[in-house]
Amino acid sequence: MRLHIVVKTGSNHKPGAEGPVAALVVAGSGGHTTEILRLMESLSAAYTPRHYVIADTDRMSEEKICTFESSKQHSDSQFTIHRIPRSREVHQSWSSSVLSTLSALCYSLPLVFRLRPDMVLCNGPGTCVPLCMAGLLLGLLGMKKVVIVYVESICRVETLSLTGKILYLISDYFFVQWSSLRDKYPKSIFLGRIV
Amino acid sequence: MKTVFVTVGTTSFDELIENVTTPEVAQALKSRGYERLVLQVGRGSLLPDPDSCPHVRLEAFRFKDSIAEDIQQADLIISHAGAGSCLEALGAGKPLLVVVNDKLMDNHQLELARQLHMDSHLLYCTCSTLKETLRTMDLSVLRPFLPGQPKNFANFLDKALGVQ
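Listed in order, the protein sequences are those of chains D and L. Just so you know, we're using my numbering here: the first sequence kicks off at 1 and counts up by one. Just so you know, we're using my numbering here: the second sequence kicks off at 1001 and counts up by one.
See below:
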C-alpha cells in the first residue's frame, strides 16, 4: 500500500519549488557516461549539489566527470564522486547477477541515506538499479521522497534495456528517445532525441 | 588529400581491417578519389603496416584519447555499428558507411544503426559487400543528422520539479 502511494505521488512532488535540487547522477561506463553528461550540461545551476556515482571498475568516467564539472560556469555549485561495486558485468550469469546486485545494494543504501538527494538521474547501467531501489526505500520509510528520473539510451530504438524494463515500473519520469518505444511503453515520455 | 577514416571503437573487427586493406578495396577507394586511409583498429589483432597497402597512403593505430581530429580530417568514415562511433561521425557532419559485423550475436547496437539507415543518415553494408558498396555508393542521398536537444529535457524537468 505504502509502495503504491510512494510510486504514484512522484509527479506531485516539486522539490525545485523549495530550493536547489540535490541530484544523484549515476554514470555507467562508456556511452552511458557521455549521454548522462550531455543531459547534465543542459541543467541549470538549480541542480546542486551533484553527486555522481560510478562503478568501482570504471576508470574513464571519473575523468570525464571532472572535465565536465570544471567547464561549468556556475562557480558556486558543488559536486562529489562516489564509487560502488558494479552490479553486473556484461554477460554475467543470472544467479551471480542477483548476488552482485545485493552486494551493490549494501553500498547503495547507506550512500543514498547519507546523501538524501531530491532526485536520482540515471540512464541504463545496472549500477542504477540498487541506487534507485535505495531511493525508493527512503520514500517508503517516510524519510524523504526521492524523484527517480530515467532516460533510456539513444541506442534503444525498439527494445528497452534490462534496467529500463525494471525501472519503468518504479521511476517517476521515464524518457525514451524513439517513438517506437513510446508506443510500446505508454507511461514513457517522448521528447525526441535529447542527447 | 581526400581521406577515409576507419573506426571500430573499443571492439575488435579484424574482418573489416583485413577487407579494407586488400588491393581491390584500396583500388575502389582510389577510384573514388580517396588517397589516404587511416585505421583505428581497437582491440583487433591486425595492426597493418603503413607500407602494406597499395594505391593509398596508410596509417594505423589502436586507440587515442580522442578521435575528434581524425574524424574532422576525414572525407568519409567507415565504422562498425557502435552507437558512440556512429553518433560521433554523424555529429561531425561526415558521410558515414557502417559495416555490420555479422559474426556478432544478438548485437543490440544494430537497432540504432538500422534506424539511422532507415532515416537516410548513413549507408550500410557487410564485409562481403564492402567493395561493391564503395564502388557504387551515392553519398548525396544522405540526409544531415540534427543534434539531439537536451534543452527539451531540461525544460520538461524544470517544470515537473517546480524549478523557478
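Heads up, the beta-carbon is just placed ideally off N, CA and C, and yes, glycines get one too. Being a predicted model, the structure only gives us computed values, none of them experimental.
{"Asked": "Assign residue 1061 of chain L to one of three DSSP states: helix, strand, or coil.", "Found": "strand"}
{"Asked": "Would DSSP call residue 1117 of chain L helix, strand or coil?", "Found": "helix"}
{"Asked": "How about residue 164 of chain D: is its C-beta nearer than 7 Å to some C-beta of chain L?", "Found": "no"}
{"Asked": "As an exercise, report each continuous beta strand (DSSP E) stretch of at least 3 residues that is fully enclosed by the stretch 34–119 of chain D, in chain order.", "Found": "50–55 and 79–84"}
{"Asked": "Identify the contact partners of residue 149 of chain D in chain L, using a Cβ-Cβ distance below 8 Å as the criterion.", "Found": "1157"}
{"Asked": "Report buried or exposed for residue 1139 of chain L, applying the criterion of at least 16 other Cβ atoms within 10 angstroms of its Cβ.", "Found": "exposed"}
{"Asked": "Is it true that the CB of residue 195 of chain D sits closer than 7 Å to the CB of residue 35 of chain D?", "Found": "yes"}
{"Asked": "Rounding to the nearest angstrom, what Cα-Cα distance links residue 1011 of chain L and residue 182 of chain D in this structure?", "Found": "31 Å"}
{"Asked": "Rounded to the nearest angstrom, how far is the Cβ of residue 1024 of chain L from that of residue 1046 of chain L, given a contact under 8 Å?", "Found": "Contact flag wrong, Cβ pair sits at about 17 Å."}
{"Asked": "Looking only at DSSP bridge pairs, what is residue 1099 of chain L linked to?", "Found": "L:1125"}
{"Asked": "Quick one, are the C-beta atoms of residue 175 of chain D and residue 168 of chain D less than 7 Å apart?", "Found": "no"}
{"Asked": "Please list, in chain order, the residues of the stretch 175–189 of chain D that have any C-beta partner in chain L closer than 8 Å.", "Found": "175, 177, 178 and 189"}
{"Asked": "Would you tell me roughly how many angstroms separate the C-alpha atoms of residue 1061 of chain L and residue 1034 of chain L, rounded to the nearest one?", "Found": "19 Å"}
{"Asked": "Can you give, in chain order, each stretch of the beta strand (DSSP E) that sits fully within the stretch 1013–1047 of chain L and has at least 3 residues?", "Found": "1036–1040"}
{"Asked": "Based on the DSSP secondary-structure assignment, which residues constitute the bridge partners of residue 122 of chain D?", "Found": "D:150"}
{"Asked": "Quick one: Cα of residue 1086 of chain L to Cα of residue 85 of chain D, how far?", "Found": "30 Å"}
{"Asked": "How about residue 1122 of chain L and residue 1096 of chain L: are their beta carbons less than 7 Å apart?", "Found": "yes"}
{"Asked": "Just curious, the beta strand (DSSP E) that residue 175 of chain D is in, first and last residue?", "Found": "173–176"}
{"Asked": "In the structure shown, what three-state DSSP assignment does residue 180 of chain D receive?", "Found": "helix"}
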